Amino acid sequence: MITEEVIEKTVMEIMRLATTDLPTDVEQSIRKYREQESGAARAQMDAIIINFEMARESSTVMCQDSGFPIFFIKMGHKFKLPETSLNTIIEKATTKATKEVPLRPNTVDMIKGGNPGDNSGNYAPIINFELIEGDYLEIGYFPKGGGSENMSSLGMLKPGQGIKGVKEHILKTVINAHSGQPCNPIVVSAAVGGGADIALKIAKKNLLYRKMGERHPNPEIAKMEEELLQAVNEIGYGPMGVGGKTTALELFLEFGVRHPASLPCGVVIQCWANRRGIARLYNDGKVEYLSHKVKKPMFATH
Numbered sequence: 016m017i018t019e020e021v022i023e024k025t026v027m028e029i030m031r032l033a034t035t036d037l038p039t040d041v042e043q044s045i046r047k048y049r050e051q052e053s054g055a056a057r058a059q060m061d062a063i064i065i066n067f068e069m070a071r072e073s074s075t076v077m078c079q080d081s082g083f084p085i086f087f088i089k090m091g092h093k094f095k096l097p098e099t100s101l102n103t104i105i106e107k108a109t110t111k112a113t114k115e116v117p118l119r120p121n122t123v124d125m126i127k128g129g130n131p132g133d134n135s136g137n138y139a140p141i142i143n144f145e146l147i148e149g150d151y152l153e154i155g156y157f158p159k160g161g162g163s164e165n166m167s168s169l170g171m172l173k174p175g176q177g178i179k180g181v182k183e184h185i186l187k188t189v190i191n192a193h194s195g196q197p198c199n200p201i202v203v204s205a206a207v208g209g210g211a212d213i214a215l216k217i218a219k220k221n222l223l224y225r226k227m228g229e230r231h232p233n234p235e236i237a238k239m240e241e242e243l244l245q246a247v248n249e250i251g252y253g254p255m256g257v258g259g260k261t262t263a264l265e266l267f268l269e270f271g272v273r274h275p276a277s278l279p280c281g282v283v284i285q286c287w288a289n290r291r292g293i294a295r296l297y298n299d300g301k302v303e304y305l306s307h308k309v310k311k312p313m314f315a316t317h
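This is the structure in structure tokens:
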């Protein structure tokens, strides 16, 4: 059976990976789009590449804003948990990783004032649970930066606006994210869901689980993704807002069912790094890293 220590160290490891090392698909996307830029836009792409290469080599964070701690958990019905609650283990791992990676403390208490200094607090870290079939526990870490989150939006559209209204809201959101505020080139994820909270949650899950260049399995939605990505890049904001061909690296869509009287459309913006870390733990003690190629984990005991 997986021990509390193995879970804790694995959580710390994916937090380190997410903030210090780009997944291969993100790196490949950045290098590909760099080739179509010139002048100031290419200089910005070059700076981004130098940034993530230095972060990887030194195992230090790619950005001083190491993100608000958000977790998405998939728990198999046959996975055997230790006696300590999973919430407690993740909270403990978060405070430890903050000090040992290290990460910037990003949880501010507006009532008491101040920052606890360890990314803990009321509703922090955010932990989302999903029960699934299987004998494993999958932990996804999604650190959300403040600059890109400030550019995200929720549109409570009228049902009559339909897909046309959804497209317009997505483009309006990107247009409002001008002057390089979200650290372009961005990754855009938009979702329609059964409520305001669900739409935004689905959009964030897309950013965690879908890879760059991966199109939606529904051909109609996949076509919309391609058309909207092209439209976003035609806006011309370019890398860091200096102008250019690459305003966005990728655009994901998802459509959940909605209430007959409402059409919530959540649009979540990510910076160029699209940070994520995912690991899967099995009952036999095996730990598999899904987001990164890991030869020797820095924190994990396995």
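One gets our numbering by counting positions in the sequence shown from 1 and adding 15 to each.
Each residue gets a CB set at the ideal place from its N, CA and C atoms; glycine is no exception.
Keep in mind the model is a prediction, meaning the values are calculated, not measured.
Asked, Found
"Option in A205, G155 and L268 with minimal Cα separation from P84", "G155"
"Within 8 Å, strictly: CB atoms of I217 and G271", "yes"
"Beta-carbon separation (whole angstroms), L305 vs A288, contact threshold 8 Å", "So it is not a contact: roughly 18 Å between Cβ atoms."
"Cutoff 6 Å; reference L320; Cβ partners in own chain excluding five residues on either side", "Because the chain here runs from 16 to 317, residue 320 falls outside it and cannot be looked at."
"Close Cβ partners of V207 (< 7 Å) along its chain, the five nearest in sequence each way excluded", "V181, A214, F270, G271, R273, L278, P279 and C280"
"Residues of its chain near D124, where Cβ-Cβ distance is below 8 Å and the 5 sequence neighbours each way are ignored", "N130, P131, G136 and N137"
"One or two residues paired with K89 in a DSSP bridge", "E145 and E153"
"Counterpart residues of I201 in DSSP-defined beta bridges", "A263"
"The stretch 252-262 touching the stretch 45-65, judged by at least three CB pairs closer than 8 Å", "yes"
"Delimiting residues of the alpha helix (DSSP H) encompassing V181", "G177 to N191"
"Anticipated Cβ contact below 8 Å, E148 with G91, distance rounded", "7 Å"
"Outcome for A112 when other beta-carbon atoms lying within 10 angstroms are tallied against a minimum of 16", "buried"
"A282 - containing alpha helix (DSSP H), residue span", "Residue 282 is actually Val in this sequence, not Ala. Here V282 belongs to no alpha helix (DSSP H); instead the beta strand (DSSP E) covers L278 to Q285."
"Alpha-carbon spacing of P254 relative to T188, whole angstroms", "17 Å"
"Extent of the continuous beta strand (DSSP E) to which V302 belongs", "V302 to Y304"
"Own chain residues within Cβ distance below 6 Å of I250, not counting five before or after", "T262"
"Range covered by the alpha helix (DSSP H) that runs through L222", "A211 to Y224"
"Status (buried if at least 16 other CB within 10 Å, exposed otherwise) for I65", "exposed"
"Terminal residues of the alpha helix (DSSP H) in which S73 lies", "G54 to S73"
"Continuous beta strand (DSSP E) stretch holding S14: start and end", "The chain is shown only over 16 to 317; residue 14 falls outside these bounds and no answer can be derived."
"Bridge-paired residues (DSSP) for M171", "P279"
"Beta carbon of F86 nearer than 8 Å to that of P140", "yes"
"Test item: CB-CB of P275 and Y48 under 8 Å", "no"
"Residue span of the alpha helix (DSSP H) that contains L32, given as start and end", "E19 to T35"
"R291 in three-state terms, based on DSSP", "coil"
"Neighbourhood of E28 by C-beta distance below 8 Å, restricted to the same chain and skipping five residues each side", "G292, A294, Y304, V309, P312, M313, F314 and A315"
"Beta-bridge pairing of V207 - partner residues as DSSP gives them", "F270 and C280"
"Bounding residues of the alpha helix (DSSP H) (the contiguous stretch that carries Q43)", "T39 to R49"
"Straight-line Cα distance separating L244 from Q176", "21 Å"
"Same chain, Cβ closer than 7 Å to E23, neighbours up to 5 away in sequence not counted", "I104, K107 and A108"
"Assigned secondary structure, G339 (DSSP; H/G/I helix, E/B strand, else coil)", "Look at the range of the chain in this structure, 16 to 317, and you will see that residue 339 is not part of it."
"Option in L222, E153, Y224 and S204 with minimal Cα separation from M239", "S204"
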